[in-house]
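K.L.:
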Amino acid sequence: MTTKLVVGLDGHGSGERALAYAERLAKLIGNCELMIVYVVEWSPYSFQTAEENAQRHKRREEEISTATQRVIDPAVAKVKSSGITATGKVRHGDVASILIAVAEEEKAEQIIVARSSEGGFAKRIFGSATSNLVMHASVPVTVVN
Amino acid sequence: MTFLKTLMLSAIATTGFGTMASAQEAMTIDQQVNEAFAAATGPFVSLIFAPIPGTSFPWIVMWLVIAASIFTIYFGFVQFRFFGHAIGLVKGDYSDPNDAGEVSHFQALATALSGTVGLGNIAGVAVAVGIGGPGATFWMILAGLLGMASKFTECTLGVKYRNEYEDGTVSGGPMYYISKGFKELGLPGGKFLAIMFSIFCILGALGGGNMFQANQAHAQISGIVGDYPGWITGIIFAAVVFAVIVGGIKSIAHVTEKVVPFMGILYVGAALVILLVNYDKIGWAFGQIFAGAFTGLGVAGGFVGALIQGFKRAAFSNEAGVGSAAIAHSAVRTKEPITEGFVSLLEPLIDTVVICTMTALVITISQQLIVDPVTGLYTLNEAGSAIATVNDVSGVALTSAAFGSAIGWFPYVLAIAVVLFAFSTMISWSYYGLKSWTYLFGEGKNSELTFKIIFCVFIVIGAAASLGPVIDFSDAAIFAMAVVNIFCLYFLMGLVKKELHSYASRLQSGEIRKFKH
Chain A
11 MTTKLVVGLD GHGSGERALA YAERLAKLIG NCELMIVYVV EWSPYSFQTA
61 EENAQRHKRR EEEISTATQR VIDPAVAKVK SSGITATGKV RHGDVASILI
111 AVAEEEKAEQ IIVARSSEGG FAKRIFGSAT SNLVMHASVP VTVVN
Chain B
18 MTFLKTLMLS AIATTGFGTM ASAQEAMTID QQVNEAFAAA TGPFVSLIFA
68 PIPGTSFPWI VMWLVIAASI FTIYFGFVQF RFFGHAIGLV KGDYSDPNDA
118 GEVSHFQALA TALSGTVGLG NIAGVAVAVG IGGPGATFWM ILAGLLGMAS
168 KFTECTLGVK YRNEYEDGTV SGGPMYYISK GFKELGLPGG KFLAIMFSIF
218 CILGALGGGN MFQANQAHAQ ISGIVGDYPG WITGIIFAAV VFAVIVGGIK
268 SIAHVTEKVV PFMGILYVGA ALVILLVNYD KIGWAFGQIF AGAFTGLGVA
318 GGFVGALIQG FKRAAFSNEA GVGSAAIAHS AVRTKEPITE GFVSLLEPLI
368 DTVVICTMTA LVITISQQLI VDPVTGLYTL NEAGSAIATV NDVSGVALTS
418 AAFGSAIGWF PYVLAIAVVL FAFSTMISWS YYGLKSWTYL FGEGKNSELT
468 FKIIFCVFIV IGAAASLGPV IDFSDAAIFA MAVVNIFCLY FLMGLVKKEL
518 HSYASRLQSG EIRKFKH
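Protein chains in written order, with the numbering used here: chain A, 11 to 155; chain B, 18 to 534.
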């Protein structure tokens, strides 16, 4: 049976480290597939102007195609070039809940992310995406430093 | 103080007896603007507010209430039957997770609410209670509850007949459902009525969605920092609005989006605190509301006066039947247009039944309205047009005084809230006006820019003119939208009923069910 691993990328350098680690892990496991996910931060409860609402569908398509081109496609190509099966996905929502949801849908063995670079005031109040993920995930989570 | 005078005038003018009494004084820039404006808009205003022959009842108020009652009965009290379902939709229980990133029901509702919650809830209610007494509140609540059905009708149609363009943007609103819906039914005149609506919507955007807001924001600011010419406030506001709608400076809009809901919560919170502290007077206040609703308790025009004021201010505040909300709600992502109808019926509830009632209760409980100790009836002011108040204030100043009597520093918070509400309402209405403008003149950079510049010019005029003519024109323009919109809704409501039957049976059979999140 193929082992599936979910890799969460954030478009920064730290994501590269997570991907590199996932690649190494995949080689060790052998029959392994990587599911590379980029999450566009989005909440259905945010406030927008009427004009933003009217253009929302268009913006969403743009966000998906930008993330696919800049983050997902290069990552998938890189992993494939080293002989590992990989697919990519861009989703909107809360980072932690989306990664957990994808892991559950795909019946993945674990989630791999890098420690996020966000910080400051918001992090102190709401906690980071990484810590939320670690606390709520239903599968093991590896956080790469 | 000009501020007090303008508000006094508003009280006189809104009852329909008003003329510009201050014209004899030396003409400042503000007065010249005011004179010219009142003269230009007078005939239009008199037509819209003409009384039903033989009564003092404006026909337009009747028009709105009858429509809301007909929709309520025709859709079998949809506002109560589907209330719980509406909450479920807003919570996202029925949203497909694959649509994440699209406009949610919550966002469409929040956007529409930011266009309606505002000065109507603060200043408008004070005008209603100041003239019609606490009894006006009863009629306001009734109009709010009935208005939920009007909103449901127009917002369902707004989504059903919106335009979806190839680039992924959407445009919706009465002008689209009137022209498309009439065509579908094989009725003539759809295009003409859609054009009529668009013209009135542009006027409404410039009036209630702009001048009234600028005017009251100036009144509030000058009430705190001292009197100064209105055109100065106007130019500052116009510059900021220009930066957002023309310059595309999203950061300003984003700040208001974050702060406005917070202000709304703070306002309701403060009202609740005042009500809790005075919990022993709540029963008495409701007594005043009920007694006043049917007897008037001595207000000008008796109980009919209370009723007119209540209905009028409710309509102005929640815009049910006006058609504006259909523009705001139409961007939602849903496969079922009717779901947005259900969601939109929460709007008059939040706006009128909850927030307006809070304001009215606080004004009543704070006893700013002077009661004759002997008869127990309200004492009228010298002009006999409104109830005398403690410091002779009306409009937003009355609300401010009422909150201030319980929480000393609250008028400052209220001033900030008024300015922000005014700003967010202007941004919303600039969009409604723009959609109507582009419907008439086509989409394109130059056409859009022309409207946006006109919009900003009217901010300056609105801040400079006095409240009387501004509030008259604002009301008249917004109600003119309702004349066309409701007329068309009568023809189109059958289409909504079909949707309702189909949806209700699929909901019953379990074909439409909650998604697991």
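Heads up, the beta-carbon is just placed ideally off N, CA and C, and yes, glycines get one too.
Note down, in chain order, each residue of its chain lying with its Cβ closer than 8 angstroms to the Cβ of B:Q41, except the 5 sequence neighbours on either side.
P.N.:
Per-residue confidence for B:Q41 stands at a pLDDT of 46, beneath the threshold of 50, marking its modelled position as unreliable; the derived number appears in the next sentence. Contacts found: none.
K.L.:
Between B:S519 and B:G109, what straight-line distance do the alpha-carbon atoms span, to the nearest angstrom?
P.N.:
21 angstroms
K.L.:
Note down, in chain order, every chain B residue with its Cβ under 8 angstroms from the Cβ of A:V50.
P.N.:
G118
K.L.:
Drop a sphere of 10 angstroms on the beta-carbon of B:Q305, count the other beta-carbons inside from all chains shown, and report buried for 16 or more, exposed for fewer.
P.N.:
Buried, since its Cβ has 16 or more Cβ neighbours within 10 Å.
K.L.:
Does B:G393 come out as helix, strand or coil in the three-state DSSP assignment?
P.N.:
coil
K.L.:
Taking the runs of the beta strand (DSSP E) that are 3 residues or longer, which of them lie wholly in the stretch 92–126 of chain A?
P.N.:
95–103, 120–124
K.L.:
Can you tell me where the beta strand (DSSP E) holding A:V47 begins and where it ends?
P.N.:
42–51
K.L.:
Using 8 angstroms for Cβ pairs, my map puts B:G315 next to B:Y395. What's the rounded Cβ distance?
P.N.:
Right, their Cβ atoms sit about 5 angstroms apart.
K.L.:
Out of B:G393, B:S347, B:T351, which one is the CA nearest neighbour of B:G190?
P.N.:
B:S347
K.L.:
Return yes when the Cβ of B:A405 is within less than 8 angstroms of the Cβ of B:V146, no when it is not.
P.N.:
no
K.L.:
Does the Cβ-Cβ distance between A:P54 and B:F532 come in under 8 angstroms?
P.N.:
no
K.L.:
What do you get for A:P150, buried or exposed, if any count of 16 or more other CB atoms within 10 angstroms of its CB means buried?
P.N.:
Exposed, since its Cβ has fewer than 16 Cβ neighbours within 10 Å.
K.L.:
Rank B:A343, B:Q385, B:F328 by C-alpha distance to the C-alpha of B:P75 and give the top, closest one.
P.N.:
B:F328
K.L.:
Residues in the same chain with beta-carbon distance under 7 angstroms from B:V349, minus the five sequence neighbours each way, listed in chain order, please.
P.N.:
V120, H122, A125, V176, E357
K.L.:
Would a C-beta distance cut-off of 8 angstroms place B:W454 and B:I219 closer than the cut-off?
P.N.:
yes
K.L.:
Exposed or buried, what is B:I282 when buried is set at 16 or more other beta-carbons lying within 10 Å of its beta-carbon?
P.N.:
exposed
K.L.:
Quick check: what's the CA-CA separation for B:T45 versus B:N408?
P.N.:
27 angstroms
K.L.:
If contacts are defined as beta-carbon pairs under 8 angstroms, then B:N335 and B:T369 qualify, I think. What distance do you get, rounded to the angstrom?
P.N.:
At roughly 5 angstroms, the Cβ-Cβ gap stays under 8 angstroms, so B:N335 and B:T369 are in contact.
K.L.:
List the whole-angstrom C-beta distance separating A:T13 from A:C42, where the pair is believed to meet the contact cut-off of C-beta under 8 angstroms.
P.N.:
5 angstroms
K.L.:
List the residues of chain A that B:P278 touches, going by C-beta distances under 8 angstroms, in chain order.
P.N.:
F57
K.L.:
Scan the stretch 78–99 of chain A for residues whose Cβ lies nearer than 8 angstroms to a Cβ of chain B and list them as they occur along the chain.
P.N.:
Cβ contacts with chain B come from no residue of the stretch 78–99 of chain A.
K.L.:
Examine chain B for any beta-carbon lying closer than 8 angstroms to the beta-carbon of A:H102, and answer yes or no.
P.N.:
yes
K.L.:
At a CB-CB cut-off below 7 angstroms, which residues of chain A make contact with B:G185?
P.N.:
Within 7 angstroms Cβ-Cβ: H67, K68, E71.
K.L.:
Compile a chain-ordered list of the residues in the stretch 254–265 of chain B whose CB is closer than 9 angstroms to at least one CB of chain A.
P.N.:
Interface annotation for the stretch 254–265 of chain B against chain A: V261, I262, criterion Cβ-Cβ distance under 9 angstroms.
K.L.:
With DSSP as the reference, identify every bridge partner of B:L558, one or two as the case may be.
P.N.:
Residue coverage of chain B in this structure runs from 18 to 534, which leaves residue 558 of chain B outside it and unanswerable.
K.L.:
Taking 8 angstroms as the CB-CB cut-off, is A:E61 touching chain B?
P.N.:
yes
K.L.:
Helix, strand or coil for A:L15? Go by DSSP, reduced to three states.
P.N.:
strand
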